[in-house]
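The number in the working numbering is simply the position in the sequence shown, starting from 1, with 6 added.
Backbone N, C-alpha and C define an ideal beta-carbon position, used for all residues, glycine too.
Everything below concerns the one structure shown next.
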Amino acid sequence: MAFDQILLDAHNPGPMTGRGNHTYLLVGESGDATLVDAGVGDPRHLSAIDEALRARSARLTRVLATHGHGDHVGGAPLLASRHPEALFAKVPWPEHDTPIGVRWQPLADGDEIEVGGDTLRAIHTPGHSPDHVAFWHARTSAVFSGDLVISGSSVMVQWSRGGNMADYLASLARIIELGPLTLYPAHGAVITDPVGVLTRHIEHRRERAAQVLDALGRGRTTVPAIADSIYDGLTAALLPAARENVRAHLEQLKAEGRAVEDNGRWTLATSALHHGGH
């Protein structure tokens, strides 16, 4: 890479974040630095950024957010106050961005961002959230992939906050088409088998969709009932995420004409019944 890449822990472990978020500080030879994702404003994270900048006689000139969830942008206001010359950029999510208190420059699919004499390209990858974006580094066939995938785990598609399962599956396929060699995710280990991991995430979602159809065929009619039948034994802290995933699958099945909703009750569509629920 034409820039140094430093992984910095955001110090926010939890049920939904695992061991916490990764942020990536990219420092070019000119001394300009770009931070991928803003963390949550933990003092240890802010100090680590400042220390890394000082060690390289660099200055923070840009913060790129992969998306607008709090663990990725919550630290933006504090970063803006400590680095007033830095520009902040993300794909707009108008109904969500305003309360954050940072003026975001809009990113769009295909935008190229200069980093240390090199280039990152924004790849709009909605699904996990409407504004999700990955950053493609063509020179090394690497992707800063945000919450697109997590090695050894799965990603929540939060329907109640704009998540969309069909978009998510399309985004996974789009990154596969790039032929990446490395993914730098916001959670979990660096991924050195990107196509395999991306493909497994697609397969997992297809399996879940089949389980949702099976649950409907067995008379489960509500999101909680379907989630309980699929995610048996899941800890209480993760049940809300499971229900979000189930609702996202149901909405996709409804759009495909395979499920029907009536006042919060879900059933198989007639066409799905004729095919044995599959």
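Nearest-angstrom Cα separation, counted from residue j out to residue i
i, j, result
"A82", "R224", "47 Å"
"T228", "A248", "13 Å"
"S53", "D38", "18 Å"
"A215", "H78", "28 Å"
"V266", "V155", "29 Å"
"W110", "L222", "43 Å"
"P230", "N27", "29 Å"
"G107", "A176", "31 Å"
"R167", "E35", "40 Å"
"L204", "G263", "26 Å"
"A8", "A261", "45 Å"
"L41", "T29", "7 Å"
"D173", "I197", "22 Å"
"R68", "I129", "18 Å"
"T104", "P98", "10 Å"
"T125", "H143", "7 Å"
"R211", "R60", "44 Å"
"L274", "Q258", "13 Å"
"G158", "E213", "16 Å"
Rounded distance between the beta-carbons of residue j and residue i, thought under 8 Å
i, j, result
"H207", "S160", "7 Å"
"L256", "V218", "6 Å"
"G6", "M171", "One cannot answer for residue 6 here, as it falls past the ends of the chain, which runs 7 to 284."
"T131", "V139", "6 Å"
"A44", "G20", "At roughly 17 Å, the Cβ-Cβ gap does not stay under 8 Å, so A44 and G20 are not in contact."
"H89", "L66", "4 Å"
Those residues which DSSP pairs with residue i across a bridge
i, result
"I197", "L189"
"A148", "H143 and T188"
"K96", "P112"
"G34", "F9"
"L175", "Per DSSP, none; premise fails for L175."
"L274", "A265"
"A128", "F141"
"D43", "None; D43 has no bridge partner."
"H73", "According to DSSP, which records beta bridges pairwise, H73 is partnered with nothing at all."
"L14", "T29"
Element boundaries [alpha helix (DSSP H), containing residue i]
i, result
"H78", "G76 to V79"
"V252", "L245 to A261"
"P83", "A82 to R88"
"S53", "P49 to A61"
"P21", "No alpha helix (DSSP H) holds P21; DSSP gives it neither H nor E."
Continuous beta strand (DSSP E) stretch holding residue i: start and end
i, result
"E118", "E118 to V121"
"V69", "R65 to L70"
*How do the segment 148 to 157 and the segment 173 to 185 stand: do at least 3 beta-carbon pairs fall below 8 Å, yes or no?*
yes
*asked:* Quick test of the definition: if touching needs 3 or more C-beta pairs under 8 Å, does the segment 44 to 62 touch the segment 114 to 127?
replied: no
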